[in-house]
Each structure stands twice: as C-alpha cells, then as structure tokens.
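Protein chains in written order, with the working numbering: chain Z, 12 to 148; chain Y, 356 to 492. The beta-carbon is built from N, C-alpha and C at its ideal position, and this holds for glycine as well. Working notes, structure below.
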Amino acid sequence: MLPSIHQLLDFNAEALKLRAERIRVLASNIANSDTPNFKARDFDFRAALENATSSQVANAGGGASTTDARHMQIAGPGSSAPTALRYRVPQQLSIDGNSVELDTERARFADNSVRYESSLRFLNGQIKTILSAIQGQ
Amino acid sequence: MSLFNVFDIAGSAVHAQSQRLNATASNLANADSVAGPDGKPYRSRQVLFSAQSVDQADRAGGVGVRVSGVIEDMSEPRKVHDPKNPFADSEGYVTMPNVNVVEEMVNMISASRSYQTNIEIMNTAKNLLLKTLQLGS
C-alpha cells in the first residue's frame, strides 16, 4: 500500500516550518539585544517536531471528543501552538534586566539556519525521488 | 510565512541602532559646546529602546525593537573655571555639557556591532528564502 505523497513529505515539511518559526524567534532575540528588561525566548525544537508529526498520525479528527458538559476541552493539533516559547536562562546577569547573550544567540542562529538548509535539501531530494518515480525512470 | 517577518524584525533593530548612533554622534559633536540651540547648556541625549510586536494580529509573531523616546541626561553639567570665556558666569565658571566621551565611544561600538549583526541576519534570511523558492527544481 503506497503511502500518500503527503505522508512522505510530511516530516521534512513540518521540520521546515518549525525551523522557520525558530529563525523568527532567534531574530527577535538578537534584535532586542539592547532592550532593557527583555528576556530571551526559544522553544524546544525536538518536542515541537515530535508533537507536530505524531499528532498527524494519531489524531486525525483533532483533539479529544467531549460527550458531556463536564468533559474538559482538549485542543487538537492544529489549534494551540505546540511551539510554546520558553525562556532561556542567561549565564551572566545584566544590570538593565536584558537576558539576551549575543554570542549564544548568534551560535544558535547559525546552527538553525544550517539545519533549515539541510531540511530544504532533504525535502528537495524527496521531491525529486517522487518525480522520478512518477516519470517511471 | 514566518521567514518574511524576519525582515521586519531585523529592519526595526537596524533602524533603532542607527538612531542610537545618531544620538551618539550628536553627543560627541557637541562635547565641547558651551550652549545648545536654545541657549541652555547642551545635555547629552540617550535613546530608550522598547520591544514592540512586529505583527499586531499574530501574537506569536516576532518582537522587534523601537525607540520609545530620546531623553536628555539630567545629571549635573560639569563646570570649568575659565574667566576669560565670554560665557563665564560671575565666578568665572563655564558650564560644559555632561557628555562622557568614553561612554559615547562604547555606545558607538555596541551600536555598530548590533547593526552589523542584524544586517547579517537579514542576509541569511534572504538567502534561505531564495533557496526555498527553488524547491523542487
């Protein structure tokens, strides 16, 4: 039984979306490296990716169904953000309350952008594989 | 797509840092001016940064930075004893601006490093977006 094209590309597509989101968060941190009382944020990429890919397999309907008014509402995978922003713990404190350390943020930004590009290449490779299978070569 | 916000975020940071450089340049240029444009002694100007959400509609959007105000340093101006100066008061003291040249140089270095870092972020985001556009080809 052939998996659908969507399922084949799904993992790398989700990884790409989450990497782009992480670029945005890290860019916010770096932009605010001089703002007083700004706290550096980040999210757990591995947990977010697992959440995004596993929920696609498990909850096709999305969320838990409620049959009684006393059931708690549990949101599906598409609604609330699994990319919950957490705070980065600074190594050195700063007088003005800013917790952004430029060296840490730059290193993570560089790491993240290389991984974005690697996801891009993997996705590209998979697309080419599918295309060549379609063309029958 | 998330990555486009990075231009807004890093762009706001670049703009804020350039205003900070402007303030520093004003201070350094007027470090020896006896009187400001309104006749009163020149007071050194500092910019205040505050974080600002880039996209009001999207709460998880990036956080840029903006200059929320330009304040004048209200600390005591320094008095230099120079009776021959036409601006000297009755005791022979001339009020010089309260510009600390060393602090301003450090400010300038910090602002230019932040400026460069944010330009690099914009370049990286631009390259990644261009490569993403070539997906599948």
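Original post:
Span of the beta strand (DSSP E) holding residue 431 of chain Y?
Top reply: No beta strand (DSSP E) contains residue 431 of chain Y, which DSSP labels as neither H nor E.
Subject >> DSSP beta-bridge partners of residue 400 of chain Y >> reply: Y:427
Original post:
On the three-pair Cβ rule with 8 Å, is the stretch 33-44 of chain Z touching the stretch 112-128 of chain Z?
Top reply: yes
Original post:
Given residue 398 of chain Y, which residues of its chain have a CB within under 8 Å of its CB, disregarding the five upstream and five downstream residues?
Top reply: 391, 427, 428, 429, 432, 452 and 453
Original post:
What residues in the stretch 468-484 of chain Y have a beta carbon less than 7 Å from any beta carbon of chain Z?
Top reply: 469, 472, 473, 476, 479, 480 and 483
Subject >> Whole-angstrom distance between residue 380 of chain Y and residue 386 of chain Y, CA atom to CA atom >> reply: 10 Å
**OP:** Would you tell me roughly how many angstroms separate the C-alpha atoms of residue 439 of chain Y and residue 447 of chain Y, rounded to the nearest one?
**Re:** 8 Å
Original post:
Closest to residue 376 of chain Y by CA distance: which of Y:364, Y:368 and Y:466 is it?
Top reply: Y:466
Original post:
Can a CB atom of chain Y be found closer than 8 Å to the CB of residue 46 of chain Z?
Top reply: yes
Original post:
For residue 50 of chain Z, which residues of its own chain have a beta-carbon under 6 Å away from its beta-carbon, when the five flanking residues on both sides are left out?
Top reply: 98 and 110
**OP:** Confirm, please, whether the CB-CB distance from residue 402 of chain Y to residue 365 of chain Y is below 8 Å.
**Re:** no
Original post:
Considering only the beta carbon of each residue, do residue 420 of chain Y and residue 42 of chain Z sit closer than 8 Å?
Top reply: yes
Original post:
For residue 490 of chain Y, does the count of other Cβ atoms within 10 angstroms reach 16, so buried, or fall short, so exposed?
Top reply: exposed
Subject >> Cα-Cα separation, residue 48 of chain Z to residue 17 of chain Z >> reply: 44 Å
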